[in-house]
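Peer 1:
2 protein chains.
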Amino acid sequence: MPVNLLPPHPADLFSVAGVRLGITEAGVRKANRKDVTVILLDAGSSVAGVFTRNRFCAAPVQVCREHLSGEDGIRAMVINTGNANAGTGAQGLADARATCDAMATLLALKPSQILPFSTGVIMEPLPVARIVASLPAALADAQADHWSQAAEGIMTTDTLPKAFSQRLVIGGVPVTITGISKGAGMIRPNMATMLGFMATDANIAPELLQSLTTELADGSFNRITIDGDTSTNDSFMVMATHKAAHPQITSLASAEGQLLKAAMLQVARQLAHAIVRDGEGATKFITLQVEGGQSAAECRQVAYAIAHSPLVKTAFFASDPNLGRILAAVGYAGIEDLDQTRIDLYLDDVLVAVQGGRNPSYQEADGQRVMKQSEILVRVLLGRGSASDTVWTCDLSHEYVSINADYRS
Amino acid sequence: MPVNLLPPHPADLFSVAGVRLGITEAGVRKANRKDVTVILLDAGSSVAGVFTRNRFCAAPVQVCREHLSGEDGIRAMVINTGNANAGTGAQGLADARATCDAMATLLALKPSQILPFSTGVIMEPLPVARIVASLPAALADAQADHWSQAAEGIMTTDTLPKAFSQRLVIGGVPVTITGISKGAGMIRPNMATMLGFMATDANIAPELLQSLTTELADGSFNRITIDGDTSTNDSFMVMATHKAAHPQITSLASAEGQLLKAAMLQVARQLAHAIVRDGEGATKFITLQVEGGQSAAECRQVAYAIAHSPLVKTAFFASDPNLGRILAAVGYAGIEDLDQTRIDLYLDDVLVAVQGGRNPSYQEADGQRVMKQSEILVRVLLGRGSASDTVWTCDLSHEYVSINADYRS
Numbered sequence: 001m002p003v004n005l006l007p008p009h010p011a012d013l014f015s016v017a018g019v020r021l022g023i024t025e026a027g028v029r030k031a032n033r034k035d036v037t038v039i040l041l042d043a044g045s046s047v048a049g050v051f052t053r054n055r056f057c058a059a060p061v062q063v064c065r066e067h068l069s070g071e072d073g074i075r076a077m078v079i080n081t082g083n084a085n086a087g088t089g090a091q092g093l094a095d096a097r098a099t100c101d102a103m104a105t106l107l108a109l110k111p112s113q114i115l116p117f118s119t120g121v122i123m124e125p126l127p128v129a130r131i132v133a134s135l136p137a138a139l140a141d142a143q144a145d146h147w148s149q150a151a152e153g154i155m156t157t158d159t160l161p162k163a164f165s166q167r168l169v170i171g172g173v174p175v176t177i178t179g180i181s182k183g184a185g186m187i188r189p190n191m192a193t194m195l196g197f198m199a200t201d202a203n204i205a206p207e208l209l210q211s212l213t214t215e216l217a218d219g220s221f222n223r224i225t226i227d228g229d230t231s232t233n234d235s236f237m238v239m240a241t242h243k244a245a246h247p248q249i250t251s252l253a254s255a256e257g258q259l260l261k262a263a264m265l266q267v268a269r270q271l272a273h274a275i276v277r278d279g280e281g282a283t284k285f286i287t288l289q290v291e292g293g294q295s296a297a298e299c300r301q302v303a304y305a306i307a308h309s310p311l312v313k314t315a316f317f318a319s320d321p322n323l324g325r326i327l328a329a330v331g332y333a334g335i336e337d338l339d340q341t342r343i344d345l346y347l348d349d350v351l352v353a354v355q356g357g358r359n360p361s362y363q364e365a366d367g368q369r370v371m372k373q374s375e376i377l378v379r380v381l382l383g384r385g386s387a388s389d390t391v392w393t394c395d396l397s398h399e400y401v402s403i404n405a406d407y408r409s
Numbered sequence: 410m411p412v413n414l415l416p417p418h419p420a421d422l423f424s425v426a427g428v429r430l431g432i433t434e435a436g437v438r439k440a441n442r443k444d445v446t447v448i449l450l451d452a453g454s455s456v457a458g459v460f461t462r463n464r465f466c467a468a469p470v471q472v473c474r475e476h477l478s479g480e481d482g483i484r485a486m487v488i489n490t491g492n493a494n495a496g497t498g499a500q501g502l503a504d505a506r507a508t509c510d511a512m513a514t515l516l517a518l519k520p521s522q523i524l525p526f527s528t529g530v531i532m533e534p535l536p537v538a539r540i541v542a543s544l545p546a547a548l549a550d551a552q553a554d555h556w557s558q559a560a561e562g563i564m565t566t567d568t569l570p571k572a573f574s575q576r577l578v579i580g581g582v583p584v585t586i587t588g589i590s591k592g593a594g595m596i597r598p599n600m601a602t603m604l605g606f607m608a609t610d611a612n613i614a615p616e617l618l619q620s621l622t623t624e625l626a627d628g629s630f631n632r633i634t635i636d637g638d639t640s641t642n643d644s645f646m647v648m649a650t651h652k653a654a655h656p657q658i659t660s661l662a663s664a665e666g667q668l669l670k671a672a673m674l675q676v677a678r679q680l681a682h683a684i685v686r687d688g689e690g691a692t693k694f695i696t697l698q699v700e701g702g703q704s705a706a707e708c709r710q711v712a713y714a715i716a717h718s719p720l721v722k723t724a725f726f727a728s729d730p731n732l733g734r735i736l737a738a739v740g741y742a743g744i745e746d747l748d749q750t751r752i753d754l755y756l757d758d759v760l761v762a763v764q765g766g767r768n769p770s771y772q773e774a775d776g777q778r779v780m781k782q783s784e785i786l787v788r789v790l791l792g793r794g795s796a797s798d799t800v801w802t803c804d805l806s807h808e809y810v811s812i813n814a815d816y817r818s
């Protein structure tokens, strides 16, 4: 059961001028499953992306990087589930290219204008012939209002599709942002891939899109963790069709640039949070806010140490205010000159630890009350500076082990 | 059920001349439990230690460091279970000192000649009065042949006591090494402490003991991991009574020094492996051997990335040869210039991946066969140098979540 997450209502998902989406069944791994999704962009669109830092990155990620660095405008994306095309060596690269070639032929484009994405089992050969054969049906299905279908098309073992829209007005002109994502790092037997796709019709200068994308990822997908496993296929793509009739945004620091960025960040965060809420076996959504650090980086380091501690995560699952585990994680986060006698710990509004020791007026009943909530805020005050950072995660439950221990089926 | 681990046979545990051990019930947390252990050393003994790197280190660890850096020879140790005396602030420090004061009075020693150790729940006040009151009974129990009892006395939620002995001959003189340890990082609700105590009667120059201890820890306790949580109380102590009548060992590089070190390392590894074999919920003992690295450090980094991946650990639990998860962990281990096309992966004798892709002749049945074993060797060949390193770990099972999610009881 996802934590406070509902399926998107199709009426709440707005089309983005210049973007069409289609899905079909290719039988990549199983029959009767929508497993191929295409995204089509009008000419003149811009695309930027952020990819996994895993050195064992999948073949499609390598091809995406190559095509994005070229001069030809990206016009289409092909996404398959069921197979990650990772750990597949030279054949995997050839297969990813073959997918682009086929799509380019169908659309009368260059292969370098196509981006391929794969998600699914690692180290199995991609059934590229079946994917190629499915492309005409996917193209025939392409519609501007198929965001909801596309959100379902990219699902693997997500229990719910993830899609969000946002509308704002820039220079008197309505601008739309819509995005979809699928499950994080720990999807069932190596469905180990986070994918995110966002589009806007905002008229943003193309040269701003990559740095905007990086900022958006840093504030959303790069701040979530479920089990600390970094997928071979993680990709977050931002598309701008430039169709909105407002004056072009030429700086992210301008009023309009900030407005657009804030709205896009909201969608990116919703998409990222939805991945945590639908994390394998998740029963709690936990916000880890670390304050009073010398740098945001060290705050993040502490937040991740807490977020990745199996002891902390199982305590959240059990609603057990066994909060010494959080202090222990703070202690091994790797800040060499950390002074434990300056550290305070809050669980929501409850002051649990003061100056590295138990708050004398802390009552276990107060901790217990907060631990039972489905949404919990943990605040750690390091007392060594004014920087802060936030990470979102979930708990570690029996269900997580069940899901990931199941034989691939 | 621990993995291939049996309780020590008391007859196989040899006394070490100059060392006596006693245990008693203090009622630290529960009644009718042997929860206080004392170790007494003859005058002239040397002691060295390695402690947790957790910045939230427990009060007793702070006192140990202080007393070990002093000029007075260490003559006794007091170990309590049931309470870690960590996250306890200034009161915790005072309590650890009070324990030393009481022991010193009973033995007519200085407090600085006593080392305190605590293991158990974090952030609860130490019931120091009950511990102090129990010391006379523990001292009355002290015997040279009480190693087995001491191994039980320091247990928290370990399912078996852990104790090993080794005998060797140096310069025609028999030398004995005996050690005990208790469970690693993830013991039931915050019994989050690894403790190891080894003694030898070898006549080793006192000034060699600290570097020897560091080397022993690096080759044993520092190479095991169960869930990646670093305890606030981890301590590994090595005691030398110098009673054996062979000429003093004045260099670890000498033939005798190497002989002694090898025998002590064997005991340290047995103690460390026993902790993994008795890891919470463990069903498999896994050796991660990374070869072909540019440095041992980067090999270790890769080994730990694999060892800490919940996806890898649940696959081992399920006996599922879902080996792409291992490649993914290698990829995110943090070696920036890693070339995936040079990486080979073996599961015992089975060559699973070659040059970053699936070995064409690999059969799933072969992987399946190895995954069912209770002892599994994973070899990763990085193909970038000649360094190697090894880490030992266990799998992640339902039982782990059950144990750690149980409310503290």
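Top to bottom, those sequences are chains A and B.
Numbered according to the working numbering, the first sequence spans residues 1 to 409.
Numbered according to the working numbering, the second sequence spans residues 410 to 818.
For glycine and all other residues, C-beta sits at the position ideal for the given N, C-alpha and C.
Fair warning: this is a prediction, and the values are worked out from it, not measured in the lab.
1) Kindly indicate if chain A contains any beta-carbon less than 8 Å away from that of Ile-531/B.
2) Which term fits Pro-469/B, buried or exposed, when burial requires 16 or more other beta carbons within 10 angstroms of its beta carbon?
3) In whole angstroms, give me the CA-to-CA distance for Ser-46/A and Val-779/B.
4) If I'm right that Val-50/A touches Thr-178/A with Cβ under 8 Å, what's the distance once you round it to whole angstroms?
5) Buried or exposed, going by whether 16 or more other CB atoms sit within 10 Å of the CB of Asp-234/A?
6) Relative to the C-alpha of Thr-24/A, which candidate in Thr-52/A, Asp-141/A, Met-237/A and Leu-68/A has its C-alpha closest?
7) Is the Cβ-Cβ distance between Gly-501/B and Ala-353/A less than 8 Å?
8) Looking only at C-alpha atoms, which of Ala-608/B, Pro-520/B, Val-787/B and Thr-490/B sits nearest to Ala-653/B?
9) Report the residue from Leu-430/B, Gly-666/B and Ala-560/B whose alpha carbon sits nearest the alpha carbon of His-418/B.
10) Using the C-alpha atoms, what's the distance from Thr-634/B back to Ile-403/A?
11) Are at least three pairs of beta-carbons, each pair with one atom in the segment 566-580 of chain B and one in the segment 674-685 of chain B, less than 8 Å apart?
12) Report the CB separation of Lys-261/A from Glu-215/A in whole angstroms; it is logged as a contact under 8 Å.
13) At 7 Å on the CB atoms, spell out the chain B contacts of Gln-412/A, in chain order.
14) Using CA coordinates, which residue listed in Val-312/A, Arg-20/A, Val-3/A and Cys-394/A is at the minimum distance from Gln-149/A?
15) Are the beta-carbon atoms belonging to Ile-579/B and Glu-665/B less than 8 Å from one another?
16) Out of Val-63/A, Ala-138/A and Pro-7/A, which one is the CA nearest neighbour of Asp-95/A?
17) If we count the other Cβ atoms within 10 Å of its Cβ and call it buried at 16 or more, is Ser-134/A buried or exposed?
18) Does chain A have any CB closer than 8 Å to the CB of Phe-423/B?
19) Restricting to runs no shorter than 4 residues, where is the alpha helix (DSSP H) found entirely within the segment 655-713 of chain B?
20) Nearest by alpha-carbon distance to Gly-357/A: which of Ala-499/B, Ala-440/B, Phe-423/B and Ser-424/B is it?
21) Reducing DSSP to helix, strand and coil, say where Asn-631/B ends up.
22) Using a beta-carbon distance cut-off of less than 9 Å, what residues from the segment 732-744 of chain B approach chain A?
23) Over what stretch of residues does the alpha helix (DSSP H) that includes Tyr-809/B continue unbroken?
24) Glu-808/B and Gly-690/B: beta carbons closer than 8 Å?
25) Does the Cβ of Ala-108/A have 16 or more other Cβ atoms within 10 Å, making it buried, or fewer, making it exposed?
26) Using a Cβ-Cβ cutoff of less than 7 Å, which residues in the same chain neighbour Asp-158/A once the five nearest sequence positions on both sides are dropped?
27) Could you tell me which of Asp-729/B, Ser-629/B and Ala-774/B sits nearest to Met-603/B, measuring between CA atoms?
28) Between the C-alpha atoms of Thr-176/A and Ala-202/A, what's the straight-line distance to the nearest angstrom?
29) Whose Cβ in chain A lies nearer than 8 Å to the Cβ of Cys-466/B?
30) Note down the Cα distance separating Pro-2/A from Ala-11/A, rounded to an integer number of angstroms.
31) Please list the segments of the beta strand (DSSP E) lying wholly inside the segment 325-374 of chain A, counting only runs of 3 or more residues, in order along the chain.
32) Taking Cβ to Cβ, would you say Ala-43/A is nearer than 8 Å to Gly-73/A?
33) Can the beta-carbon of Ser-397/A be found closer than 8 Å to that of Phe-317/A?
34) Taking 8 Å as the cut-off, decide whether the C-beta atoms of Thr-393/A and Gln-289/A are in contact.
35) Taking the continuous beta strand (DSSP E) assigned at Thr-314/A, which residues delimit it?
36) Terminal residues of the continuous beta strand (DSSP E) containing Met-198/A?
Peer 2: The relevant details are as follows:
1) Output row for Ile-531/B: interface = yes.
2) With 16 or more Cβ atoms within 10 Å of its Cβ, Pro-469/B is classed as buried.
3) When rounded, the separation of the alpha-carbon atoms in Ser-46/A and Val-779/B is 49 Å.
4) Contact check for Val-50/A and Thr-178/A: beta-carbon distance about 18 Å, past the 8 Å limit, so the pair fails to qualify.
5) Flag for Asp-234/A reads buried.
6) Measuring C-alpha to C-alpha distances from Thr-24/A to each of Thr-52/A, Asp-141/A, Met-237/A and Leu-68/A identifies Asp-141/A as the nearest.
7) No; because the gap between Cβ atoms is not below 8 Å, this pair is not in contact.
8) Ala-653/B has its Cα closest to that of Ala-608/B, out of Ala-608/B, Pro-520/B, Val-787/B and Thr-490/B.
9) Of the listed residues, the one whose Cα sits closest to His-418/B is Ala-560/B.
10) When rounded, the distance between both Cα atoms is 23 Å.
11) Yes: the two stretches touch, three or more of their Cβ pairs being nearer than 8 Å.
12) Indeed they touch by this definition, with Cβ atoms about 7 Å apart.
13) In the structure displayed, chain A extends from 1 to 409; residue 412/A sits before or after that span and is not available.
14) Taking Gln-149/A as reference, the option from Val-312/A, Arg-20/A, Val-3/A and Cys-394/A with the minimal CA-CA separation is Arg-20/A.
15) Contact flag set, yes.
16) With distances taken between Cα atoms, Asp-95/A lies closest to Val-63/A.
17) Its Cβ being crowded by 16 or more others within 10 Å, Ser-134/A is buried.
18) No, no contact with chain A.
19) 664-686, all fully within the segment 655-713 of chain B.
20) Ranking Ala-499/B, Ala-440/B, Phe-423/B and Ser-424/B by Cα distance to Gly-357/A puts Ala-499/B first.
21) Reduced to three states, the DSSP call for Asn-631/B is helix.
22) With the criterion set as a beta carbon lying under 9 Å from some beta carbon of chain A, the members of the segment 732-744 of chain B are Leu-732, Gly-733, Arg-734, Leu-736, Ala-737, Ala-738, Val-739, Gly-740, Tyr-741, Ala-742, Gly-743 and Ile-744, in sequence order.
23) Per DSSP, Tyr-809/B is one residue of the alpha helix (DSSP H) stretching across 807-814.
24) Glu-808/B places its beta carbon less than 8 Å from that of Gly-690/B.
25) Label assigned to Ala-108/A: exposed.
26) Cβ within range, chain order: Lys-182, Gly-183 and Asp-278.
27) The option with the nearest alpha carbon to Met-603/B is Ser-629/B.
28) Thr-176/A and Ala-202/A have their alpha carbons spaced roughly 7 Å apart.
29) The contacting residues are Gly-331 and Gln-340.
30) The C-alpha of Pro-2/A lies about 22 Å from the C-alpha of Ala-11/A.
31) Look at the segment 325-374 of chain A and you find these whole runs of beta strand (DSSP E), each 3 residues long or longer: 344-347 and 350-354.
32) Yes, the Cβ-Cβ distance between Ala-43/A and Gly-73/A is below 8 Å.
33) Note that the C-beta distance between Ser-397/A and Phe-317/A is below 8 Å.
34) Going by C-beta atoms, Thr-393/A is not nearer than 8 Å to Gln-289/A.
35) It is not in any beta strand (DSSP E) - Thr-314/A instead sits in the alpha helix (DSSP H) that spans 310-317.
36) Counting along the chain, the beta strand (DSSP E) containing Met-198/A begins and ends at 195-200.
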